[in-house]
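Novice: Add 9 to the 1-based position in the sequence shown for my numbering, that's all there is to it. Mind having a look at this structure? Questions to follow.
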Amino acid sequence: MTNPLENVAPWALDSAWVVLAVATHAAFLALTPSVGAGEGPVEPLDAVAVAIVEEELPEPEIEEEQPVEEAPPEPQEPEPVEPPKKAKTFRAPKEPPKAPEEPPAAAPETPVTFDNIVLTNEGDEPSSWAMDPGSGESRDGPMGKPDAVVTGRSREGVLGGIIGGTGIGVVVDVGDLSRRPIPPSLKQKLERLYPKKAKQEGVEGQAVVRLQIGPDGSPSKLRLISEDPVNYRFGQICKQALQGGKWKPPLDKDGKPVTTRVTFTCGFEIRF
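Quick look at the structure:
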């Protein structure tokens, strides 16, 4: 069983004891008989000094305010990260693709002089004409070897074309010309370009080149027909000399410049 005084504060108990002592002394004085005046000497009463001590009450303890713990911030959701894209993989075909079949090689074309006209740089003139030897027989078609392969010689008309017109790229035979193409002088050029090896060894030769002369007199489509002897660059030098020259263009029977084909022979001679 607990004592009810245990729950009383200490300062309250001290105050109660002081009040009780004061009350006891007051009661004692009241019970003491009083003595009349003039009667014998009055014995001095014992004076009781009562000191009331005021005890400083302890200041109530101030409870320190405990800091309120802040709630931890809510974790932020991480930004969604896109997964890396898968690299594209290409599977090699099980079987390598078949290489396209090469077209069959064209049959070798036999060089044919359609107009029987050969230009040469030999002679006193800068350039002169020479006729290919013929058999004396009349022929309707071009000259050549029997059973020779001829390609790209047949040309059909174009729908909507003009009768008798030469058109663009149409080659007119030399026999249908009113004026044959006239080559520039090539003697000095050939002497200047004479192959060094052939000159050192004293070798002479010739080369035959087939070419096309346009309406403006410019040569094109040069093709080496033959060279003799070989391995001395006679054919290459002949083509080089013909490429830079300007010809007088061929004219058809109406006097209009047209395109034609000729064969030119370059002769290489050493002059002492």
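Note that beta-carbon positions come from the ideal geometry of N, C-alpha and C, so glycine has one too. Since the model is a prediction, treat every value here as computed from it, not as a measurement.
Would you check if the stretch 186–198 and the stretch 213–220 touch, i.e. whether three or more CB-CB distances between them fall below 8 Å?
Specialist: Because the criterion of three Cβ pairs below 8 Å is not met, the stretch 213–220 and the stretch 186–198 do not touch.
Novice: If we count the other Cβ atoms within 10 Å of its Cβ and call it buried at 16 or more, is W26 buried or exposed?
Specialist: W26 comes out exposed.
Novice: How many angstroms separate the CA atom of G184 from the CA atom of T269?
Specialist: Cα to Cα, the separation comes out at about 10 Å.
Novice: Excluding five sequence neighbours on each side, which residues of the same chain lie with their C-beta closer than 7 Å to the C-beta of D124?
Specialist: Low confidence applies to D124: its pLDDT is 41, below 50, so where it sits in the model is not reliable enough to give any reading.
Novice: Less than 8 Å separating the beta-carbons of G244 and P228?
Specialist: It is not a contact, given that the beta carbons lie outside the stated cut-off.
Novice: For V212, which residues from the same chain have a beta carbon less than 7 Å from its beta carbon, with the 5 sequence-adjacent residues on both sides left out?
Specialist: Correct list, in chain order: P238 and Y241.
Novice: Mind checking D263: buried by the 16 CB within 10 Å criterion, or exposed?
Specialist: Exposed: under 16 other Cβ atoms inside 10 Å.
Novice: For L199, count neighbouring C-beta atoms within 10 Å of its own C-beta (all shown protein chains included) and say buried if the count is 16 or more, exposed if not.
Specialist: So L199 counts as buried.
Novice: Spatial neighbours of L29 within its chain, please: C-beta separation below 7 Å, excluding the five flanking residues on both sides.
Specialist: Correct list: empty, nothing qualifies.
Novice: Identify, in the order they occur along the chain, each residue of the same chain with its Cβ nearer than 7 Å to the Cβ of D261, setting aside the five sequence neighbours on each side.
Specialist: For D261, where only same-chain residues beyond five positions count, the Cβ hits under 7 Å are T175, V181, D185, L186, S187 and V267.
Novice: Would you check if the distance between the CB atom of Q197 and the CB atom of L231 is smaller than 8 Å?
Specialist: No, the pair does not count as a contact, with Cβ atoms beyond the cut-off.
Novice: Given this structure, state the Cα-to-Cα distance separating C247 from K265, to the nearest angstrom.
Specialist: Each residue's alpha carbon lies about 29 Å from the other.
Novice: How many whole angstroms separate the CB atoms of G223 and K257, which I take to be in contact at a CB cut-off of 8 Å?
Specialist: Contact doesn't hold; Cβ gap of about 12 Å is too wide.
Novice: Kindly list the residues whose CB is nearer than 7 Å to the CB of A250, restricted to its own chain and excluding five residues on each side of it in sequence; keep chain order.
Specialist: So the list reads L195, K198, L199, L202 and C275, once near-sequence residues are dropped.
Novice: Considering only the beta carbon of each residue, do F273 and G214 sit closer than 8 Å?
Specialist: For F273 and G214, no; Cβs fall outside 8 Å.
Novice: Can you name, in chain order, every residue of its own chain whose Cβ lies under 7 Å from the Cβ of D149, other than the five neighbours on each side?
Specialist: Here the model assigns D149 a pLDDT of 43, short of 50, so the residue's position is not dependable and the matter cannot be decided.
Novice: Counting along the chain, where does the beta strand (DSSP E) carrying Q209 start and finish?
Specialist: Note, Q209: premise wrong, no beta strand (DSSP E); alpha helix (DSSP H) at K205 to E210.
Novice: Just checking my contact of I279 with K208 at CB under 8 Å: how many whole Å lie between their CB atoms?
Specialist: Contact flag correct, Cβ pair sits at about 6 Å.
Novice: Using three-state DSSP, classify D301 as helix, strand or coil.
Specialist: It is not possible to answer for residue 301, since the shown part of the chain is limited to 10 through 281.
Novice: In the DSSP assignment, what residue or residues form a beta bridge with T214?
Specialist: Per the sequence shown, residue 214 should be read as Gly rather than Thr. Answer is F277.
Novice: Classify V271 as buried or exposed, calling it buried when 16 or more other Cβ atoms lie within 10 Å of its own Cβ.
Specialist: With 16 or more Cβ atoms within 10 Å of its Cβ, V271 is classed as buried.
Novice: Taking DSSP as the reference, what is the three-state secondary structure of D237?
Specialist: Strand.
Novice: Beta-carbon within less than 6 Å of S235's beta-carbon, same chain only, minus the 5 sequence neighbours each way: which residues are those?
Specialist: Cβ within range, chain order: V217.
Novice: Beta-carbon within less than 6 Å of L233's beta-carbon, same chain only, minus the 5 sequence neighbours each way: which residues are those?
Specialist: V218 and G244, listed in sequence order.
Novice: Exposed or buried, P93, counting other C-beta atoms within 10 Å across all chains shown (16 or more means buried)?
Specialist: Exposed: under 16 other Cβ atoms inside 10 Å.
Novice: Determine the extent of the beta strand (DSSP E) in which R6 is found, giving its start and end residues.
Specialist: This structure gives no information on residue 6, because the portion of the chain shown stretches from 10 to 281.
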